[in-house]
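Data block below; observations after.
Protein chains in written order, with my numbering: chain A, 1 to 130; chain B, 1 to 437.
This is the structure we're talking about:
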């Protein structure tokens, strides 16, 4: 299977690999997928005044999964948390020219955004003083 | 000794380098050259034709092009002589008589012919077949077809190391059992089944014993008499011979009968009609002759490379696990799981190495390796596996290069792996509630 240039670029030079303290109140963490399925993505967003300031990821998976998560860390930066939720898997798949068998990687990336935002939101409800 | 022009040079050079301990510069140059090509470490998938094999075949494409079945002229006689010489060479490597060798298109056809041929011939007397869950797809699929025709098939499980339990086999044999089909060497994990013991059991109960020896011929000693093997499938392209040719050994005493799958002019004693491809038969024969002659030395050479590879890997990396068995296996097949790194992702990073992965994502089916699952390898570990295939033309430099490439890439991907991070933090991955998708 031939990978697209963009997948190779993100695989070889992944953007924003790393981790934040998952207990910090300004961090939202999304952990999606399962080792048994061959894909696990962890996406973390750092939010200030409702804007995603920074994002980091770690991914266990194929090149397309790594590329999908790398791409979304770039895309969510500077967006409000609600804007981030509008990113659709199909945009990721098109951007990376993913073949049909790899569409699930982009679906997982979309899920990761949703999970990270939800985690952040639930932290705010539980910490109203913040 | 080890043929094949370009690779021959590499081999000699590698042997020289091994002896000249001080020549670091030469080694560096060698490694620099490796960076620019893809190192072949997938010898279970196929092998290059040995230059000596190609040389033996060439005249039979052009000046000696006769039909080996033409009885009336020199062209036919010449071709027939070549085919019969090849038949004897094939027979020799498994301790058979030349008349017991049927040329086929490969091991897939051999396995189909053995199972369906015997099944169809004896179906009114016995209708039970015993095979094993880790067999090659062509055996399993042939069995499925026979099940649809009314046969009962028992699929034996394997132990953790991939080897069948002889007691389980014996318990599965009934008075309806016609044939037991157990592969000699597994294609994914390289384990060797206890052929002699299986043969003894089969003989004791009057059951035919077929073995798919595609991965075993030329790698381990085989003797159809000592092992009580009744049918044995051989593939040309797995033993440095050409693709498109193989053979099936069919015992004459006591006689094994089978119904042909391909009908026609009655060639190959009526068991496989069709004009024999003389050059391919010659190639298979020559490949067998070379393998028989060099097996011992080659096995020692490959064992050395395999050990060097494995030692290099476990020195550099932790959490690397062997799938299969390091002792009861052929040395050229090493199947390893690199925990917390997904196999396809890893293969993308080691693009200078041609290896195979047990990861689901590699195949179109997305279901993962059924062989690894049969060993009880957890699905998540199966996703992290690579099969390293070492063969006749692999060099020491290629092994060192492979160790370096795999080490670098596994380390890089682990730094990127959320699973690795969790394990480093002391989290038990089994306690996480994963959302399976």
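In this text, a Cβ means the ideal position worked out from N, Cα and C, and glycines have one as well. Quick caveat, the model's predicted, so the values are computed rather than measured.
Inter-residue spacing [alpha-carbon to alpha-carbon] between residue i and residue j
i	j	result
residue 381 of chain B	residue 318 of chain B	14 Å
residue 345 of chain B	residue 410 of chain B	10 Å
residue 56 of chain A	residue 11 of chain A	15 Å
residue 148 of chain B	residue 77 of chain A	58 Å
residue 110 of chain A	residue 289 of chain B	58 Å
residue 234 of chain B	residue 5 of chain A	42 Å
residue 124 of chain B	residue 108 of chain B	25 Å
residue 195 of chain B	residue 221 of chain B	11 Å
residue 20 of chain A	residue 112 of chain A	15 Å
residue 2 of chain A	residue 101 of chain B	42 Å
residue 121 of chain A	residue 28 of chain A	8 Å
residue 15 of chain A	residue 135 of chain B	43 Å
residue 142 of chain B	residue 388 of chain B	28 Å
residue 140 of chain B	residue 131 of chain B	8 Å
residue 413 of chain B	residue 192 of chain B	33 Å
residue 376 of chain B	residue 305 of chain B	28 Å
residue 174 of chain A	residue 74 of chain A	With chain A covering only 1 through 130, there is no way to say anything about residue 174 of chain A.
residue 183 of chain B	residue 212 of chain B	4 Å
residue 68 of chain A	residue 115 of chain A	15 Å
residue 26 of chain A	residue 72 of chain A	19 Å
residue 385 of chain B	residue 78 of chain B	49 Å
residue 393 of chain B	residue 138 of chain B	28 Å
residue 314 of chain B	residue 180 of chain B	38 Å
residue 400 of chain B	residue 81 of chain B	45 Å
residue 396 of chain B	residue 335 of chain B	19 Å
residue 357 of chain B	residue 52 of chain B	31 Å
residue 97 of chain A	residue 90 of chain A	10 Å
residue 228 of chain B	residue 59 of chain B	37 Å
residue 107 of chain A	residue 65 of chain A	10 Å
residue 242 of chain B	residue 347 of chain B	27 Å
residue 48 of chain B	residue 54 of chain B	10 Å
residue 33 of chain A	residue 40 of chain A	4 Å
Identity of the residues DSSP links to residue i by a beta bridge
i	result
residue 227 of chain B	Paired residue(s): none; residue 227 of chain B is not in a bridge.
residue 44 of chain A	A:29 and A:56
residue 387 of chain B	B:335 and B:356
residue 322 of chain B	B:336
residue 232 of chain B	B:211 and B:249
residue 156 of chain B	B:132
residue 119 of chain A	Residue 119 of chain A pairs with nothing; no bridge assigned.
residue 310 of chain B	BP columns for residue 310 of chain B are empty, so no partner.
residue 40 of chain B	B:354
residue 19 of chain A	Its beta-bridge partners do not exist; DSSP assigns none.
residue 141 of chain B	Bridge partners of residue 141 of chain B: none, in fact.
residue 216 of chain B	DSSP output for residue 216 of chain B lists no bridge partner at all.
residue 192 of chain B	B:185
residue 97 of chain A	None, per the DSSP bridge assignment.
residue 39 of chain A	A:34
Selected residue, minimal CA-CA separation from residue i, among the options
i	options	result
residue 18 of chain A	A:3, A:46, A:9 and A:25	A:46
residue 177 of chain B	B:195, B:197, B:415 and B:210	B:210
residue 226 of chain B	B:184, B:95 and B:352	B:95
residue 271 of chain B	B:262, B:278 and B:254	B:262
residue 296 of chain B	B:242, B:218, B:82 and B:429	B:218
residue 166 of chain B	B:200, B:33, B:190 and B:356	B:200
residue 161 of chain B	B:372, B:426 and B:254	B:372
residue 206 of chain B	B:65, B:257 and B:173	B:173
residue 42 of chain B	B:333, B:274, B:247 and B:73	B:333
First and last residue of the uninterrupted alpha helix (DSSP H) at residue i
i	result
residue 202 of chain B	195-205
residue 82 of chain A	81-84
residue 108 of chain B	107-112
residue 414 of chain B	396-415
residue 9 of chain A	5-12
residue 347 of chain B	343-349
residue 271 of chain B	Looking at the DSSP string, residue 271 of chain B is not in any alpha helix (DSSP H), and its letter there is neither H nor E.
Where residue i falls: helix, strand or coil (DSSP)
i	result
residue 371 of chain B	helix
residue 46 of chain B	coil
residue 134 of chain B	coil
residue 121 of chain B	helix
residue 91 of chain B	helix
residue 425 of chain B	coil
residue 299 of chain B	helix
residue 92 of chain A	helix
residue 172 of chain B	helix
residue 72 of chain A	helix
residue 112 of chain A	helix
residue 96 of chain B	coil
Residue span of the beta strand (DSSP E) that contains residue i, given as start and end
i	result
residue 338 of chain B	333-338
residue 178 of chain B	177-181
residue 438 of chain B	Because chain B here runs from 1 to 437, residue 438 of chain B falls outside it and cannot be looked at.
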